[in-house]
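In what follows, a single structure is set out as structure tokens and then discussed.
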Amino acid sequence: ATDPLSELQDDLNLDDTNQSLSQLKLTSIDNKNWPADEAPAFPKSEDSKGSPEPVTHLQWDDPYYDIARHHIVEVAGDDKYGRKVILFSACRMPPSHQLDHMKLLGYLKFTLDQYVESDYTLVYLHHGLTSENKPSLSWLRDAYREFDRKYKKNIKALYIVHPTMFIKTLLVLFKPLISFKFGRKIFYANFLSELEDYVKLEQLGIPSQVQKYDEYLRSLQKASQVPQKPTVLHPPLPNQQFGVSLQ
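For any residue, its number in my numbering is found by taking its place in the sequence shown, counting from 1, and adding 121.
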């Protein structure tokens, strides 16, 4: 059986990522020129948190409370290998003008710092990233620079769920910056079910909006799989043998 997760191209051969990062000029790129997410039309819906705990673990006066209350980044139990799972839900990101992306990056690092000394898994739910809430490309470049070797060494898998043309194009852009070893840890999952062999889905607390979108994609897949019309075998007519006229 083939692995349901499509591995990122592994022809990455540049090790000096810092030099590559300095050469990558993203600040002049207009975000609106980037390809839109070519996802099937899906009605927007309010997200309800899948986890039964509605209150964040941080106190209201914590510096990261304003970020944590959105539940964008969460610790979601262990995977099937006993490694801690960090869940990042794009659909929970508010519009860009309402979110401090640098503070979001700080909170992500703050969360990872608790687990980077051991093996861990990162699951990124891409559905819900829109032109309204996606960060700038220059921010993505700076964010990648922030994640030094200690964060990349012990991450064993980065699963990108429901990837679209935008995210694939983004990875192509960043390919010169991604080491060969790290590139082999990045996987695409077109459906949530493709994660079942690797993580415990029931522990992830997947947003209901993402679950509904996954069901929607599956319904489209089933509709596209039109069964072939069965061949009807008719008995030969009295004056035929093997379907050929005897006259």
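All C-beta atoms in this analysis are idealised placements derived from N, C-alpha and C, irrespective of residue type, glycine included.
A quick note: this is a predicted structure, and the numbers were derived from the prediction, not measured.
- Secondary structure of Ile-299 (DSSP, three-state): coil.
- Between Ala-197 and Leu-291, the C-beta gap is not smaller than 8 Å, which leaves the two residues out of contact.
- According to the DSSP assignment, Glu-336 belongs to the alpha helix (DSSP H) that extends over 329 to 345.
- In this structure, Pro-284 is the residue among Trp-260, Pro-284 and Glu-336 with its C-alpha nearest to the C-alpha of Ser-210.
- Secondary structure at Val-293: helix, using DSSP grouped into helix, strand and coil.
- In this structure, Glu-253 lies away from Leu-226, with their beta-carbon atoms at least 8 Å apart.
- In this structure Val-244 is in contact with Val-282, their Cβ atoms being roughly 7 Å apart against a cut-off of 8 Å.
- In the structure shown, the three-state DSSP call for Glu-317 is coil.
- Per DSSP, the unbroken beta strand (DSSP E) holding Thr-242 starts and ends at 241 to 246.
- Rounded to the nearest whole angstrom, the CA to CA distance from Tyr-337 to Ser-329 is 12 Å.
- Following the DSSP letters along the chain, one finds Asp-263 inside the alpha helix (DSSP H) bounded by residues 258 to 267.
- Ser-210 is bridged by DSSP to Leu-246.
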